[in-house]
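Reviewing the structure listed below.
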Amino acid sequence: SRLLAIVWSAALERAGIRWVRPGGPVALSHRPAPILAQVESAPLDTIAVEVNRRSLNIGAELMLQHATGNQTAGPALLTRHVRQVAGPAARVSLVDGSGLSVMNRMSALTQVLYLTRYPQQPGHGRFPLLLPANGTGTLRRLRGGMTRGVVHAKTGTLDDVAALTGYLARQDGVLVISLLYNGRRARNARAAEWELFRLLGAEGVDLGGVLETHMGGTSTPRDE
724 SRLLAIVWSA ALERAGIRWV RPGGPVALSH RPAPILAQVE SAPLDTIAVE VNRRSLNIGA
784 ELMLQHATGN QTAGPALLTR HVRQVAGPAA RVSLVDGSGL SVMNRMSALT QVLYLTRYPQ
844 QPGHGRFPLL LPANGTGTLR RLRGGMTRGV VHAKTGTLDD VAALTGYLAR QDGVLVISLL
904 YNGRRARNAR AAEWELFRLL GAEGVDLGGV LETHMGGTST PRDE
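Counting in the numbering used here, the sequence shown runs from 724 upward without gaps.
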C-alpha cells in the first residue's frame, strides 16, 4: 500500500539509504534471480560436537526439531528411538530435547544400553566422539593426569541432579559409564563422579584410536 511505501521510504532515509527511482510495477523476469549472499551450514556432526561441548540447551532443542521435522512431537519420537535401541529393559520418558525438565526420566541402565548399542549400528561407529572430550567444554576440569580424549562424556546439571555419562577408553577396552544422582547434595555427588572417572582413566588411552577394536563386546551391562 501507499502508506507502507511511505513508511519504508522514511526508514531507509533515516538509515542513510536514498531512493534513486520511484517505485512502481515490477516486471517479472523468467531468468533465475542472482544469489546475493549465501551461508553454508557446518556439517551436522560438527554442530552436534559444539552443542555438546558448550552444553547449549537451545541448540539441543533445535537439533531435535531438525531431526524430527516437528516442533512438538520430538520428545515422544526420541523416547521411542531410545527404546528401540536400548531394548526391552529400557526405562525412559522424555519431555524435551535438552534435559532441563525435571519430568524427564531415564535409568542409568538405559543410558548404558543405548550408548553401547547405538555405535554398533551401521554408520554410527564414531558416535561416541560427538560427546565432549575431557579437558574441553564442561569437562575442561576433568583432567587429573589423563590425556585429552580418554573420556568422551556429557554432564547433566540441575539444582538437585548431578549426572556424568559417557565413554572411558582403557587398554583393555572401553567402559560405558552412567552416574546419576538425585538429591540435595548434588555438588558433593558431582565431585565424587568426576573422581571416579579420574581414577578409572588414570592409565587410559585415546578413545578415537580404540573404537573399532574395543567398542561393544559380549558383556552384559549391569544396573549397579
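Backbone N, C-alpha and C define an ideal beta-carbon position, used for all residues, glycine too. Predicted model only: the values in this text are computed from it and were never measured.
### Query
Buried or exposed: where does Trp917 fall if 16 or more other Cβ atoms within 10 Å of its Cβ makes it buried?
Burial call: buried.
### Task
Could you spell out the range, first to last residue, of the alpha helix (DSSP H) harbouring Val933?
Taken as a continuous stretch (DSSP letters only), Val933 belongs to no alpha helix (DSSP H), as it is neither H nor E.
#### Entry: beta strand (DSSP E) segment containing Ile900, residue limits
Per DSSP, Ile900 belongs to the beta strand (DSSP E) from Gly896 to Asn905.
### Task
Let me know if Ile900 comes out buried or exposed under the rule of 16 or more other beta-carbons within 10 Å of its beta-carbon.
Its Cβ being crowded by 16 or more others within 10 Å, Ile900 is buried.
### Task
Could you work out which residue in Tyr837, Pro855 and Ala856 is closest to His847 when comparing CA atoms only?
Nearest option by C-alpha distance: Tyr837.
### Message
Within 10 Å of its beta-carbon, does Val762 have 16 or more other beta-carbons around it, so buried, or fewer, so exposed?
### Response
For Val762, the number of other beta carbons within 10 angstroms of its own is below 16, and it is reported as exposed.
### Message
Among Val818, Ala809, Leu787 and Leu903, whose alpha-carbon lies nearest the alpha-carbon of Ala876?
### Response
Among Val818, Ala809, Leu787 and Leu903, the Cα nearest to that of Ala876 is on Leu903.
### Message
Let me confirm a value: Pro842 is counted as buried when at least 16 other C-beta atoms fall within 10 Å, else exposed. Which label applies?
### Response
Classification of Pro842: buried, given that the 10 Å Cβ count is 16 or more.
### Message
According to DSSP, simplified to helix, strand and coil, what is His789?
### Response
His789: helix per DSSP, three-state reduction.
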